[in-house]
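In what follows, a structure is listed as structure tokens, so that the remarks can point back to it.
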Amino acid sequence: MGEIVRLQKYIAMSVAASRRDAERMIAEGRVAVNGKPVTEQGVKVEIGNDIVELDGAIIKAVNKKLYIALNKPEGYVTTVKDQFGRPTVMDLVEKEIHTRLFPVGRLDYETEGLLLMTNDGDWANRVTHPRYESEKRYYALLKGVLKISELNKIRRGIVIDGKRTSPAECEIMEIDMGMTLVQITIHEGRNRQVRKMFEAVGHEVKKLRRDKIGIVELGNLPQGRWRYLTSGEIEYFNKRAIRL
């Protein structure tokens, strides 16, 4: 027996449509199940058994490879489920994407910005594996004025959790009202790394946003929204793995 799903989900899995698009196709009379037109929402079908047609052509539900960029707001955890019932990044995508995705790497609960998601495990490994050293750029708002000597320590690499970080690119963007805004690019993905690096030189990170991974940039993507990666962005990480 195959998986039983709602018809709109079956359509979304078959033609990479959103749930709303699938519902509209059904309402417009473009869908048939086992030869019978269906215009009502909520009809259930069995994958691999029922025959679904869209505009007279048979469609099949497949687990397409999907790659998206999400602008994660603060206050969401980057897990599929949370044992404490907190909002997860899945809450931001599951209404429109009906394929099971998972986060590529993590962003802290308090951190916002660019998060990649996919259902392609091999590709996710190419993005996150230390061997491939994907650059990640952040903007951090620090409590206090960052001194040049402290900035240079960050640039050279600093010991956190008993291990020295790789050299980082770091620039002071603005100093105002006893706060320092910095841009920092790291090549690792250690737990809470950026926060710990600045804490090691005496500065609490008050706000943190990631806006770039490799060549993928957040751009003007609104908070809580997502977009599909371009073919060039997807291939960038595949080519890096081949080169290295």
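The numbers in our numbering rise by one with no breaks, and the one at position 174 of the sequence shown is 166. We treat Cβ as the ideally placed atom computed from N, Cα and C, and that holds for glycine. Note that this is a predicted model, so its numbers are computed, not measured.
*asked:* Just verifying my parser: in three-state terms, what is the DSSP assignment at Arg201?
replied: By one-based count along the sequence shown, residue 201 stands at place 209. The three-state reading of DSSP puts Arg201 in strand, counting E and B together.
*asked:* Going by C-alpha to C-alpha distance, which of Ala14, Thr70, Met171 sits closest to Gln33?
replied: Stepping through the sequence shown from its first residue, residue 33 is reached at position 41. Closest by alpha carbon: Ala14.
_Distance check for Asn63 and Gly21, CA to CA, integer angstroms please._
Within the sequence shown, residue 21 is the residue found at index 29, counting from 1. Within the sequence shown, residue 63 is the residue found at index 71, counting from 1. Gly21 and Asn63: Cα-Cα distance of roughly 36 Å.
*From the DSSP output, which residues share a beta bridge with Ala61?*
In the sequence shown, residue 61 corresponds to position 69, counting from 1. The bridge partners DSSP lists for Ala61 are Leu108, Arg219.
*Give the secondary structure of Lys36 by DSSP, where H, G and I count as helix, E and B as strand, and everything else as coil.*
Here the question's residue 36 lines up with position 44 in the sequence shown. In the displayed model, Lys36 falls within a strand according to three-state DSSP.
*By DSSP, does Val193 sit in helix, in strand, or in coil?*
Mapped onto the sequence shown, residue 193 falls at position 201. In this structure, DSSP gives Val193 a state outside helix and strand, which the three-state scheme calls coil.
*Thinking C-beta only, is Leu133 closer than 7 Å to Met169?*
Within the sequence shown, residue 169 is the residue found at index 177, counting from 1. Within the sequence shown, residue 133 is the residue found at index 141, counting from 1. In this structure, Leu133 does not lie closer than 7 Å to Met169 by Cβ.
*Please state whether DSSP places Ile50 in a helix, a strand or coil.*
Walking along the sequence shown from the start, residue 50 turns up at place 58. In the three-state reduction of the DSSP assignment, Ile50 falls in the strand class.
*asked:* Is it the case that the segment 132 to 151 contacts the segment 95 to 104, given that we only count it when at least three CB pairs across the two stretches are under 8 Å?
replied: Taking 8 Å as the limit for Cβ pairs, the verdict is that the segment 132 to 151 does not touch the segment 95 to 104.
*Kindly give me the distance between the Cβ atoms of Met189 and Ile150, rounded to whole angstroms, as I take these residues to be in contact under 8 Å.*
Position 197 of the sequence shown, counted from the start, is the residue given in the question as residue 189. Position 158 of the sequence shown, counted from the start, is the residue given in the question as residue 150. Right, the Cβ-Cβ distance comes to about 6 Å (below 8 Å), so this counts as a contact.
*What are the boundary residues of the beta strand (DSSP E) that Val119 is part of?*
Position 127 of the sequence shown holds residue 119. That residue, Val119, is in no beta strand (DSSP E); its alpha helix (DSSP H) goes 113 to 120.
*Relative to the alpha-carbon of Ile89, which residue among Ile(-4), Tyr59, Asn117, Arg78 has its alpha-carbon at the smallest distance?*
Locating residue 89 in the sequence shown gives position 97, counting from the first residue. Measuring from the Cα of Ile89, the nearest candidate turns out to be Tyr59.
*Using the C-alpha atoms, what's the distance from Met5 back to Lys56?*
Position 64 of the sequence shown, counted from the start, is the residue given in the question as residue 56. Position 13 of the sequence shown, counted from the start, is the residue given in the question as residue 5. Distance between the alpha carbons of Lys56 and Met5 is about 7 Å.
*Looking only at DSSP bridge pairs, what is Leu173 linked to?*
The sequence position of residue 173 within the sequence shown is 181, counting from 1. BP columns for Leu173 point to Leu133, Glu166.
*Can you give me the Cβ contacts of Asp42 inside the same chain, cut-off strictly under 7 Å, excluding the 5 residues immediately before and after it?*
Position 50 of the sequence shown, counted from the start, is the residue given in the question as residue 42. Same-chain partners within the cutoff: Val25, Asn26.
*asked:* Excluding the 5 residues flanking Val35 on each side, which residues of the same chain have their C-beta closer than 6 Å to its C-beta?
replied: Here residue 35 is taken as the residue at index 43 of the sequence shown, counted from 1. Around Val35: Leu(-1).
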